[in-house]
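Number of protein chains: 2
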Amino acid sequence: MDNQQIKDAGLKVTRPREKILGILERSGRRHLSAEDVYKELLTNGDDIGLATVYRVLTQFEGAGLVCRRHFETGQSVFELNSGDHHDHLVCVRCNRVVEFVDPMIEERQSAIAAQHGFHIEDHSLVIYGVCTDCAANA
Amino acid sequence: MDNQQIKDAGLKVTRPREKILGILERSGRRHLSAEDVYKELLTNGDDIGLATVYRVLTQFEGAGLVCRRHFETGQSVFELNSGDHHDHLVCVRCNRVVEFVDPMIEERQSAIAAQHGFHIEDHSLVIYGVCTDCAANA
DNA sequence: TAGCAAGATGCGAAAGCTTCTCAGTTGTCT
DNA sequence: AGACAACTGAGAAGCTTTCGCATCTTGCTA
Ligand SMILES: [Mn+2]
Ligand SMILES: [Mn+2]
Ligand SMILES: [Zn+2]
Ligand SMILES: [Zn+2]
Chain L
541 MDNQQIKDAG LKVTRPREKI LGILERSGRR HLSAEDVYKE LLTNGDDIGL ATVYRVLTQF
601 EGAGLVCRRH FETGQSVFEL NSGDHHDHLV CVRCNRVVEF VDPMIEERQS AIAAQHGFHI
661 EDHSLVIYGV CTDCAANA
Chain V
541 MDNQQIKDAG LKVTRPREKI LGILERSGRR HLSAEDVYKE LLTNGDDIGL ATVYRVLTQF
601 EGAGLVCRRH FETGQSVFEL NSGDHHDHLV CVRCNRVVEF VDPMIEERQS AIAAQHGFHI
661 EDHSLVIYGV CTDCAANA
């Protein structure tokens with residue numbers, strides 16, 4: 541049950557938290573901004589403040605339930621933490637996002653960090669391009 | 541002469557543009573925020589508005605003179621466009637930046653984009669970690 | 001089950017970065 | 001030098017995100 545995840549995070553089970561987690565779970569492969577989540581709540585008739593959406597997303601991030609991404613759109617987007625790290629391919633025309641993992645790249649990154657004496661903590665790799673569909677309707 | 545670069549960009553040679561370009565040239569391997577550039581101008585006694593700094597940096601970016609980077613600090617940083625692409629290693633403690641290029645990673649990225657039918661346009665790879673100095677004074 | 005304290009919420013205000021507006025100024029070309 | 005488009009500084013405004021606080025809930029205890 542979802543509620544357990546919230547409890548495990550040391551947070552009280554409240555309606556805003558249940559609804560927001562539900563939206564993220566039902567969003568499939570999408571990457572939603574706080575505003576997206578907020579609008580979805582309004583659509584569903586849930587009267588939850590935008591500040592709460594930001595607060596909850598940040599708390600979920602702290603608890604490892606969601607990941608915050610910084611694509612170059614000016615706002616952060618969130619997705620459920622699948623547990624497995626992955627990087628992103630973003631279409632600059634339609635914003636479609638494709639996820640991928642490349643062991644070779646991961647390995648080279650570790651090597652590079654080590655080579656420069658850095659204790660690696662995280663990394664962000666985003667490839668921007670034009671997807672097949674958008675290239676077709678050029 | 542610097543002025544030629546400005547002219548080639550189709551821009552008038554003005555004091556703000558000369559000073560800003562000069563600061564970027566003299567900044568070495570640093571990556572400066574608009575605010576950094578603005579403060580440097582003030583220090584040098586140049587009375588140039590912050591809005592102008594932003595405007596000029598954006599114009600220089602459009603002209604391919606500078607590159608804008610989005611590290612996760614909440615503000616953009618700028619550096620002179622060396623002509624050669626490179627990626628970044630950023631210390632999360634002291635913000636030190638190390639630049640690198642890894643042919644293997646570049647190659648894998650192209651392959652991944654192709655594999656997903658994307659016509660690659662750009663990419664951003666930033667590795668976050670703790671540098672040697674910061675690890676020492678832990 | 002009623003009561004309580006810690007924790008959460010919604011709202012509006014405010015912060016931080018960046019862009020816009022506009023009246024006045026300056027560079028460029030003749 | 002003169003004309004005109006381009007540019008500038010200052011402040012207002014825009015956007016995303018966070019804060020402050022009075023009010024309401026949840027989870028626990030008795
Ligand atoms: Mn993802
Ligand atoms: Mn660089
Ligand atoms: Zn597309
Ligand atoms: Zn450091």
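Protein chains in written order, with this note's numbering: chain L, 541 to 678; chain V, 541 to 678. For glycine and all other residues, C-beta sits at the position ideal for the given N, C-alpha and C. Here the structure is a predicted model, which is why all the values come from computation and not from measurement.
Whole-angstrom distance between residue j and residue i, CA atom to CA atom
| i | j | result |
| --- | --- | --- |
| L/Arg-569 | L/Ser-664 | 18 Å |
| L/Arg-557 | V/Glu-647 | 42 Å |
| L/Ala-603 | L/Glu-619 | 13 Å |
| L/Ala-549 | V/Asp-642 | 39 Å |
| V/Leu-590 | V/Ile-667 | 30 Å |
| L/Tyr-594 | L/Arg-555 | 15 Å |
| L/Ala-685 | V/Val-637 | Since the first residue of chain L shown is 541 and the last is 678, residue 685 of chain L is not available in this structure. |
| L/Ser-622 | V/Leu-581 | 47 Å |
| L/Asp-587 | L/Ser-567 | 20 Å |
| L/His-610 | L/Glu-601 | 13 Å |
| V/Val-577 | V/His-571 | 10 Å |
| V/Glu-661 | V/Ser-650 | 10 Å |
| L/Arg-608 | V/Thr-613 | 14 Å |
| L/Met-644 | V/Ile-645 | 8 Å |
| L/Gln-545 | V/Thr-583 | 52 Å |
| L/Asp-542 | L/Glu-575 | 22 Å |
| V/Asn-635 | L/Gly-585 | 44 Å |
Neighbourhood of residue i by C-beta, 6 Å cutoff - its chain only, sequence neighbours within 5 removed
| i | result |
| --- | --- |
| V/Asp-673 | none |
| L/Ser-573 | Gln-615, Val-617 |
| V/Asn-677 | none |
9 Å Cβ cutoff, residue i in contact with chain V
| i | result |
| --- | --- |
| L/Thr-598 | no |
| L/His-659 | yes |
| L/Asp-624 | no |
| L/His-571 | no |
| L/Gly-602 | no |
| L/Val-666 | yes |
| L/Leu-629 | yes |
| L/Ala-675 | yes |
| L/Ile-645 | yes |
| L/Val-632 | yes |
| L/Glu-515 | Shown here, chain L extends from 541 to 678; a query on residue 515 of chain L therefore has no answer. |
| L/Gly-562 | no |
Chain-order list of residues whose beta-carbon lies under 8 Å from that of residue i (same chain, five-residue window excluded)
| i | result |
| --- | --- |
| V/Glu-639 | Arg-569, His-626, Asp-627, His-628, Leu-629 |
Cβ shell of residue i (< 7 Å), same chain only, five flanking positions each side left out
| i | result |
| --- | --- |
| L/Val-670 | Cys-631, Val-632, Arg-633 |
| V/Thr-592 | Pro-556 |
Cutoff 9 Å: residue i Cβ touching any chain L Cβ
| i | result |
| --- | --- |
| V/Phe-640 | yes |
| V/Thr-672 | yes |
| V/Gly-568 | no |
| V/Ala-653 | yes |
| V/Arg-648 | yes |
| V/Val-617 | no |
| V/Val-593 | no |
Residue i CB to nearest heavy atom of ligand 6 below 8 Å
| i | result |
| --- | --- |
| L/His-610 | Inclusion of ligand 6 in the displayed structure is not the case, the ligand content consisting of ligand 1, ligand 2, ligand 3 and ligand 4 alone. |
Supposed close pair residue i, residue j - CB separation, criterion 8 Å
| i | j | result |
| --- | --- | --- |
| L/Val-553 | L/Lys-559 | About 11 Å separates the two Cβ atoms, so there is no contact after all. |
| V/Leu-564 | V/Val-596 | V/Leu-564 to V/Val-596, Cβ: 10 Å. No contact. |
| L/Ala-675 | V/His-659 | 6 Å |
| V/Gln-599 | V/Leu-561 | About 11 Å separates the two Cβ atoms, so there is no contact after all. |
Q: Any chance you could list the residues with Cβ under 5 Å from a heavy atom of ligand 4, keeping chain order?
A: Counting only heavy atoms of ligand 4, the residues whose C-beta sits closer than 5 Å to one of them are, along the chain, V/Cys-631, V/Arg-633, V/Cys-634, V/Arg-636, V/Cys-671, V/Cys-674.
Residues whose Cβ lies closer than 5 Å to any heavy atom of ligand 2, in chain order = Summarising the contact set, residues whose Cβ lies nearer than 5 Å to any heavy atom of ligand 2 are, in chain order, V/Glu-619, V/Glu-639.
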